[in-house]
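Just so it is clear: in the sequence shown, position 174 is 173 by numbering that gives the first Met the number 0, and no numbers are missing.
The structure under discussion appears below in the form of structure tokens.
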Amino acid sequence: MPLDSAVVKDLTPGSDVRTIAFVRTVRVGTFSPSVLVEVAAETGALRHAELDVLEIPATSSPAQFAALMDGELDAVLTNPDNVVAYRCLPNNPLSRTADVRILAAIDGGLGLSLFGQAGCAGPKQLRGGVLSVDAPTTGFAFIAYDLLDRLGLRKGDDYTIEAMGSTPRRTEALLGARCHMTILNAGNDLRAEAEGAVRLSSVTGIGPYVGTVLAARGETIERDGDMLARLIETLLQTATDLVAGKHADLALAATERRCGLDRATAERYLKTLTDPAEGLIPDGWMSPDALSTVIDLRNRYQPGATKLTLKSVLGSGIVDDGLLPAS
């Protein structure tokens with residue numbers, strides 16, 4: 000259950016009358032530190048919504064969804080493929096499914112790209128190397144397989160695959176030469192690039208894509224729908240403001256602090272954050288075309304798994320837009 004904390008909202012000098020607001024603590028699982036969440040906090044938008052977001056870093060997709068399904072998290076910022084896997088496919092890494100739903104699309108990938116280690120001159124140098132992934136049967140891994148396939152490197156033949164956890168962990172693995180290639184985004188890509196890693200190709204070459212969604216369990220939606228609706232409205236309004244050019248200084252400071260980037264690189268990240276294709280999605284709408292890309296990748300790169308269709312996945316109730324702002 001989310002925690003409540005009473006705070007003094009207003010105190011008139013000389014008066015004994017206090018207005019008390021109860022701030023709900025929302026436990027949100029994340030992979031990379033969220034600049035969007037920090038800006039929403041720094042502008043006071045979260046406090047105005049009487050919310051406090053406690054970000055819980057994930058070590059891996061299975062660990063994040065185990066915590067979500069067990070009620071240790073109220074919501075997650077995650078890749079939509081994870082929601083597909085843990086709602087629609089019993090043979091997922093946890094071997095169990097749950098009523099998990101996509102409540103809002105958050106971004107278009109934030110620079111999601113395939114990277115080679117420093118000094119990589121092209122795909123030929125990657126042959127025989129190690130690809131690090133979150134887990135071998137997750138959305139970002141499927142993106143990596145597809146981008147490598149387009150470069151002429153075949154899964155199962157031309158490289159080995161090792162699970163190394165979340166995006167920040169894979170960034171450290173790439174920079175520490177513990178792998179030869181990986182998939183990075185959300186500022187981790189820019190940090191790796193600044194330290195010599197080579198951006199080989201982008202998810203934009205695959206098709207329409209949503210990189211991050213806000214998802215929650217049906218039980219939490221039923222019990223705490225008002226809290227989640229306020230969170231969604233706050234995040235989407237903050238996204239709208241950022242895309243419109245507002246709060247740039249706050250976003251740059253948050254990016255420097257959270258992603259460990261210098262000012263010039265943080266400015267590049269802000270451009271990605273506000274990019275129409277790869278950046279924030281102010282209306283929160285989960286595009287069926289983007290979901291179709293996720294499904295097609297899973298069907299192609301997880302042999303033996305149940306074949307999914309867009310119709311069957313949508314028919315499962317995976318997208319729940321009932322908490323999106325009416326406008």
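Idealized CB from N, CA, C, for every residue including glycine.
Note that the coordinates shown come from a computational prediction; the quantities given were computed from them, not determined experimentally.
Query                                                                                                                                                    : Result
Which same chain residues end up closer than 8 Å to SER200 when comparing Cβ atoms and leaving out the 5 residues on each side of it in sequence?        : SER112, LEU113, LEU146, ARG149, LEU150
To test your reading of the DSSP string, which unbroken beta strand (DSSP E) runs of 3 or more residues are found completely within the stretch 147-172? : 159-162
Look at ALA34 and GLU54 and say whether their C-beta atoms are less than 9 Å apart.                                                                      : One point to set straight first is that residue 34 is Val, not Ala, in the sequence displayed. In this structure, GLU54 does not lie closer than 9 Å to VAL34 by Cβ.
Quick one: is ASP69 near chain C, going by C-beta distance under 9 Å?                                                                                    : The structure shown has no chain C; it contains just one protein chain.
Quick check on LEU10: does DSSP put it in helix, strand or coil?                                                                                         : Caution applies to LEU10, whose pLDDT of 45 falls short of 50 and renders its modelled position unreliable; the model cannot decide the point.
Opposite GLY206 in the DSSP bridges: which residues?                                                                                                     : According to DSSP, GLY206 bridges with nothing at all.
Pairing CB atoms from the stretch 116-132 with CB atoms from the stretch 268-282, are three or more of them under 8 Å?                                   : no
What's the gap between the Cα of VAL242 and the Cα of VAL212?                                                                                            : 18 Å
Please identify the residue among ASP295, GLU194, VAL312 whose C-alpha is closest to the C-alpha of TYR144.                                              : ASP295
For ARG256, which beta-bridge partners are listed by DSSP?                                                                                               : Looking at the DSSP assignment, ARG256 forms no beta bridge with any residue, so it has no partner.
Candidates LEU130, VAL82, GLY259, ARG222: which alpha carbon is nearest ARG153's?                                                                        : LEU130
By Cβ distance, which residues of its chain are closer than 7 Å to TYR208, with the 5 residues on each side in sequence left out?                        : GLY107, GLY108, VAL202, ALA289, THR292
Quick check: what's the CA-CA separation for LYS306 versus VAL38?                                                                                        : 40 Å
Which same chain residues end up closer than 6 Å to GLU41 when comparing Cβ atoms and leaving out the 5 residues on each side of it in sequence?         : LEU249
Under a three-way DSSP split, which group does PHE114 fall into?                                                                                         : strand
Can you list, in chain order, the residues of its chain whose CB lies under 6 Å from that of CYS258, leaving out five sequence neighbours each side?     : GLY186
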